[in-house]
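Okay, so here's the structure we're looking at.
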Amino acid sequence: MKEVSGFFKHYRSIAAAVTLAAFFAVGLATDVADPVSANEATAPNAEHQPAVGANVVVNPGNGQYSTLTAAFDAINAGTHTGAVTVTISSNTTEPGSAVLNSSGAGAASYTSVTIQPGSDNVTVAGPSLQGRGLIELNGADNVIIDGDNPNTAGTNRNLTLQNTAANTVSFTSVIRVALNTTTVTNADFNSFRNLNVVGSATGQNVSTATATTGPQNTTFGIVIGPNASGATTA
Numbered sequence: 000m001k002e003v004s005g006f007f008k009h010y011r012s013i014a015a016a017v018t019l020a021a022f023f024a025v026g027l028a029t030d031v032a033d034p035v036s037a038n039e040a041t042a043p044n045a046e047h048q049p050a051v052g053a054n055v056v057v058n059p060g061n062g063q064y065s066t067l068t069a070a071f072d073a074i075n076a077g078t079h080t081g082a083v084t085v086t087i088s089s090n091t092t093e094p095g096s097a098v099l100n101s102s103g104a105g106a107a108s109y110t111s112v113t114i115q116p117g118s119d120n121v122t123v124a125g126p127s128l129q130g131r132g133l134i135e136l137n138g139a140d141n142v143i144i145d146g147d148n149p150n151t152a153g154t155n156r157n158l159t160l161q162n163t164a165a166n167t168v169s170f171t172s173v174i175r176v177a178l179n180t181t182t183v184t185n186a187d188f189n190s191f192r193n194l195n196v197v198g199s200a201t202g203q204n205v206s207t208a209t210a211t212t213g214p215q216n217t218t219f220g221i222v223i224g225p226n227a228s229g230a231t232t233a
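Numbering-wise (numbering that gives the first Met the number 0), the sequence shown opens with residue 0 and increments by one.
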């Protein structure tokens, strides 16, 4: 495994190659609709969405939402507003990409979104389609994904994000900071720290983006692990 601590990406007037694309994808993405749901197809049974509130619990069988995808869909629908904290208390199996739209897109209205584990050794896992990520920030600003469990002393990596797509599915990523040129032109001030990130690719790939503006002030402090098939990729 390799440590990527305090790794800083700052994009302005980009014509840049983004490496480690099996784990992160940063740049323009015209294939992401505006605004988008978690998957290309609408889920047949939408989960019950509780009243507006800033604290969201993801806990399969015993929480407001059983997946991060469902929690993001509720935020996108304006169910949770303001400074939103999403606490993941146990392992989740995502049906596909969990997509968070930018505030102001559709009914979404938030100032920040913080995602954190509520217990130790929590895993958010699921497959994405070609060119998609397990977690996608569709122009979303002020998002923090912090793998440190605030209920445990010290600073730890208690959250694992794993894209379980087959290694034959190309251009997948774990976290995708994507832009939709028709509605949003940036995805700024996002931070990913204290995470274990597991991709599905068996080799390194490179992604490129060219734009006049792009994601800015996005920081990474993570551990990159082996891919889903067990071979080290970074």
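Even glycine gets a Cβ: it sits at the ideal position worked out from N, Cα and C.
Just so you know, these numbers come straight off a predicted model, no measurement behind them.
Leu136 and Ala73 do not touch by the CB rule: their CB atoms are close to 16 Å apart, not below 8 Å. One alpha carbon belongs to Leu99, the other to Thr171, and they sit about 17 Å apart. Taking 8 Å as the upper bound for CB-CB distance, Asn193 and Arg156 are in contact here, some 5 Å apart.
Cβ neighbours of Val123 within its own chain (closer than 6 Å, five residues either side excluded): Leu67, Thr91, Leu160. Counted as a single uninterrupted DSSP element, the beta strand (DSSP E) harbouring Thr110 occupies residues 109 to 116. Counting only residues of its own chain and dropping the five nearest sequence neighbours on each side, Asn150 has a CB closer than 8 Å to the CB of Gly117, Ser118.
Distance between Asn120 and Leu158, taken at the CA atoms: about 6 Å. In the structure shown, Phe191 adopts extended strand secondary structure according to DSSP, grouped into three states.
Residue pairing of Gly132 in beta bridges, as defined by DSSP: Ser172.
Burial state of Asn54 is exposed, judged by a 10 Å Cβ sphere holding fewer than 16 other Cβ atoms. Per the DSSP secondary-structure output, Leu99 pairs in a beta bridge with Leu136. DSSP places Thr68 inside the alpha helix (DSSP H), whose first and last residues are 67 to 75. Counting along the chain, the unbroken beta strand (DSSP E) around Gln161 starts and ends at 158 to 162. Residue pairing of Asn54 in beta bridges, as defined by DSSP: Thr84. The beta carbon of Ala164 lies closer than 7 Å to those of Pro126, Ser127, Thr171, Ser199 in the same chain, with the five residues before and after it left out.
For the pair Ser101 and Ser108, the CB atoms are not nearer than the 8 Å cut-off. The three-state reading of DSSP puts Gly105 in coil, since its state is none of H, G, I, E or B. Contact between Ala139 and Ala69 is absent: CB atoms are separated by about 17 Å, not below the 8 Å threshold. Distance between Asn166 and Ala97, taken at the CA atoms: about 19 Å.
Ala177 carries a strand assignment under DSSP once its states are collapsed to helix, strand and coil.
Under DSSP, Thr167 forms no beta bridge with any residue.
For the options Asn141, Val168, Gly153, the alpha carbon positioned closest to that of Phe191 is the one of Asn141.
The distance from the Cβ of Ser88 to that of Val57 is about 7 Å, consistent with a contact at the 8 Å cut-off.
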